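Colleague: Residue numbering for the sequence shown is -24 to -1, 1 to 142, as defined by mature numbering (1 follows the signal peptide of the UniProt record, and there is no 0).
Every residue gets a Cβ at the ideal spot worked out from N, C-alpha and C, and that includes glycine.
Treat the numbers as computed from the prediction; the structure is a model and nothing was measured.
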Amino acid sequence: MAKLSQLVILFAGALSLLSLCATASGPKFIVEGQVFCEVCRANFINRLSEPMPGAKVRLECRGEDKGNITLSLEGVTNDKGVYQLPVEGDHGTESCEVLLVKSSKPDCDVIPSEGWAGKPSSRVTITTNNGFHGQTRQANPLGFTRKVALPQCKELFKELELTQDS
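1) Using only CA atoms, which one of LEU132, VAL124, GLY9 lies nearest to PRO88?
2) Could you check where the beta strand (DSSP E) with residue 143 kicks off and where it finishes?
3) Go ahead and pull the three-state DSSP assignment for PHE120.
4) In the DSSP output, what is ILE45 paired with across the bridge?
5) Between the C-alpha atoms of CYS72 and THR112, what's the straight-line distance to the nearest angstrom?
6) My guess is that GLN114 and LEU24 are in contact by the Cβ rule of under 8 Å, so how many angstroms apart are they, rounded?
7) Mind checking who GLU50 pairs with in its DSSP beta bridge?
8) For the putative contact between SER98 and GLY39, defined by C-beta atoms under 8 Å, what is the C-beta separation to the nearest angstrom?
9) Quick check: what's the CA-CA separation for MET20 versus ARG34?
10) Going by DSSP, name the residue or residues bridged to PRO62.
11) Taking only the alpha-carbon atoms, compute the straight-line gap between LYS56 and SER79 and give it to the nearest angstrom.
12) Just curious, the alpha helix (DSSP H) that LEU136 is in, first and last residue?
13) Run through the DSSP bridge pairs and tell me what GLN114 is partnered with.
14) Can you list, in chain order, the residues of its chain with a C-beta nearer than 6 Å to that of PHE5? Leave out the 5 residues immediately preceding and following it.
15) Go ahead and label LEU118 buried or exposed: buried means 16 or more other beta carbons lie within 10 angstroms of its beta carbon, across all protein chains shown.
16) So, are the CB atoms of CYS16 and PHE133 less than 9 Å apart?
17) How far does the beta strand (DSSP E) with VAL86 in it extend, from its first residue to its last?
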């Protein structure tokens, strides 16, 4: 009976040690987003925007002083223009953003200076201390623009009651 209780204690101790090792690296997250080719140079997603497979993106986190890069990961979009970047640890005190790196389409490789929604990048919060549950963190869509807008964009702008300059 004594050997059985020693075995149970040994097993429980080993299980606790394994559990501790598994959580020592901190939480694991997936940063996910999508990259488009914006064919009308409108800098927002519309019905003519095309998902961009094979585009390269980079996730960068910077320390509280915003100067030094504490994390840098690159990834490539799949056939639907979606990327998924695995992130180790909690980065709640850092400023993290996904940046466009390289287009997969030579005719759609302009990184807009203003970007979508006013920025050429997408901020993302990578922490468990923000009220979000689960490990996936969604980044806003990003897009390269075509050098020259497609002819059908005129009809789109008319539908949206926009001028091409607005």
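Modeller: Taking the coordinates as given:
1) Position 112 of the sequence shown holds residue 88. For the options LEU132, VAL124, GLY9, the alpha carbon positioned closest to that of PRO88 is the one of VAL124.
2) Residue 143 lies beyond the residue range present for the chain, which begins at -24 and ends at 142; the question has no answer from this structure.
3) The residue labelled residue 120 in the question sits at position 144 within the sequence shown. In the structure shown, PHE120 sits in a strand (DSSP, three-state: E or B).
4) For the purposes of this step, residue 45 is taken as residue 69 along the sequence shown, with counting starting at 1. Its beta-bridge partners are ARG38.
5) One-based indexing of the sequence shown puts residue 72 at position 96. One-based indexing of the sequence shown puts residue 112 at position 136. Rounded to the nearest angstrom, the gap between the Cα atoms of CYS72 and THR112 is 15 Å.
6) Residue 114 sits at position 138 when you count from the first residue of the sequence shown. Residue 24 sits at position 48 when you count from the first residue of the sequence shown. Distance from GLN114 to LEU24 at the Cβ level is roughly 23 Å; contact not present, criterion being Cβ atoms closer than 8 Å.
7) In the sequence shown, the residue the question calls residue 50 occupies position 74. DSSP, once it has assigned bridges, lists ARG34 as partnering GLU50.
8) Start at 1 with the first residue of the sequence shown, and residue 98 comes out as number 122. Start at 1 with the first residue of the sequence shown, and residue 39 comes out as number 63. GLY39 and SER98 do not touch by the CB rule: their CB atoms are close to 19 Å apart, not below 8 Å.
9) As a first step, residue 20 must be located in the sequence shown, where it is residue number 44. As a first step, residue 34 must be located in the sequence shown, where it is residue number 58. Note on identity: in this sequence residue 20 is Phe, with Met being the wrong assignment. Roughly 20 Å separates the two Cα atoms.
10) Sequence index remark: in the sequence shown, residue 62 carries index 86 (1-based). DSSP lists ILE6 as partners of PRO62.
11) Mapped onto the sequence shown, residue 56 falls at position 80. Mapped onto the sequence shown, residue 79 falls at position 103. Taking the straight line from one Cα to the other gives about 14 Å.
12) Along the sequence shown, one-based indexing puts residue 136 at 160. Premise fails: LEU136 is in no alpha helix (DSSP H) and is neither H nor E.
13) By one-based count along the sequence shown, residue 114 stands at place 138. DSSP lists GLU8 as the bridge partner or partners of GLN114.
14) Numbered from its first residue, the sequence shown carries residue 5 at position 29. Leaving aside the five residues that flank PHE5 on each side, the residues in its chain whose CB is nearer than 6 Å to its CB run, in chain order, VAL63, ILE102, GLN111, ARG113.
15) Your numbering for residue 118 matches position 142 in the sequence shown. Of the residues assessed, LEU118 falls on the buried side of the cut-off, its CB having 16 or more other CB atoms within 10 angstroms.
16) By 1-based counting over the sequence shown, the position of residue 16 is 40. By 1-based counting over the sequence shown, the position of residue 133 is 157. In this structure, PHE133 lies closer than 9 Å to CYS16 by Cβ.
17) For the purposes of this step, residue 86 is taken as the residue at position 110 of the sequence shown. For VAL86, there is no enclosing beta strand (DSSP E), as DSSP marks it with neither H nor E.
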